[in-house]
Amino acid sequence: MPLPTILRKRSKLHGYGVFAMEPINKNKRIIEYSGELITNKQSESREDRYLSKGCIWVFRVNRNWSRDAHVGGNDARFINHSCTGNCWIDVVDKTIWIRASKFIAKGEELAYDYNTEGDKIIPCLCRPDCKTKL
Ligand SMILES: C[S@@+](CC[C@H](N)C(=O)[O-])C[C@H]1O[C@@H](n2cnc3c(N)ncnc32)[C@H](O)[C@@H]1O
Ligand SMILES: [Zn+2]
Numbered sequence: 757m758p759l760p761t762i763l764r765k766r767s768k769l770h771g772y773g774v775f776a777m778e779p780i781n782k783n784k785r786i787i788e789y790s791g792e793l794i795t796n797k798q799s800e801s802r803e804d805r806y807l808s809k810g811c812i813w814v815f816r817v818n819r820n821w822s823r824d825a826h827v828g829g830n831d832a833r834f835i836n837h838s839c840t841g842n843c844w845i846d847v848v849d850k851t852i853w854i855r856a857s858k859f860i861a862k863g864e865e866l867a868y869d870y871n872t873e874g875d876k877i878i879p880c881l882c883r884p885d886c887k888t889k890l
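Residue numbers (the numbering used here): 757 to 890.
In structure tokens, the structure reads:
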């Protein structure tokens, strides 16, 4: 099954975002979150370096492994966070799939809950009164 067509463009939420260019059914695989596979130990200094510039690029795969989308990433790295998003994360071995958590209409921005564990210094802009920090 081909993956749905998506497009990276400017987002009202933050910077660039990724948008559905066709309707996407619930649970459909949308895109793989690609990036260099590194150990969680290796990821610490990279995460600090990225966060000092206000960016989160490293995705925790499991207890041992992370993927760094700053190295070898695809458009998945531009999907923004939302506390009430429309995507969920399905980790199959060390592959991270972003899948639809509900029906997504054409034109809708894709978003998922980053579930960040780190310093939590970026105020979430998913809605005006959101108190979450990423
Ligand atoms: C993986 S990037 C997503 C793409 C980003 N919009 C860009 O243009 O680079 C993650 C960064 O986007 C920003 N971001 C994503 N979702 C956000 C949200 N709900 N509220 C505030 N900033 C957000 C944060 O700065 C975060 O470090
Ligand atoms: Zn939020």
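From the three backbone atoms N, C-alpha and C, an ideal C-beta is built for every residue, glycine too.
Alpha carbon to alpha carbon, how far is residue j from residue i? Give it in angstroms, no decimals.
i, j, result
"C839", "E788", "20 Å"
"K858", "S808", "34 Å"
"R766", "P779", "20 Å"
"V817", "Q798", "13 Å"
"P760", "A776", "8 Å"
"P879", "R802", "21 Å"
"K850", "E792", "11 Å"
"D804", "R833", "17 Å"
"L825", "P884", "At residue 825 the sequence reads Ala, which differs from the Leu that was named. If I take the Cα positions, the gap works out to 28 Å."
"T888", "I877", "9 Å"
"K768", "C886", "15 Å"
"I860", "I786", "11 Å"
Just to confirm the assignment, what range does the beta strand (DSSP E) spanning residue i have?
i, result
"L763", "762 to 766"
"Y772", "772 to 776"
"D846", "843 to 848"
"A861", "Note, A861: premise wrong, no beta strand (DSSP E); not H, not E."
"R855", "851 to 856"
Using only CA atoms, which one of the options lies nearest to residue i?
i, options, result
"I835", "I812, D849, R819, W821", "I812"
"G863", "P879, W853, K876, N842", "N842"
"R819", "D875, E865, N796, R855", "N796"
"H837", "S822, V848, I854, D849", "I854"
"L881", "L890, W844, D849", "L890"
"I794", "R823, Y772, I762", "R823"
"F815", "P758, K768, S790", "S790"
"G810", "N783, H770, D846", "H770"
"G773", "I762, N781, K782, N783", "I762"
"K782", "A861, A856, D885, K887", "A856"
"K784", "R805, E800, P758, R764", "P758"
"V848", "E865, I877, W821, A861", "W821"
(message) Does the structure place the stretch 818 to 830 close enough to the stretch 868 to 883 that three or more beta carbon pairs sit under 8 Å?
(response) These segments do not touch.
(request) At 3 residues or longer, and completely inside the stretch 786 to 833: list those beta strand (DSSP E) runs for me, N to C. (result) You should have 792 to 795, 814 to 816, 821 to 824.
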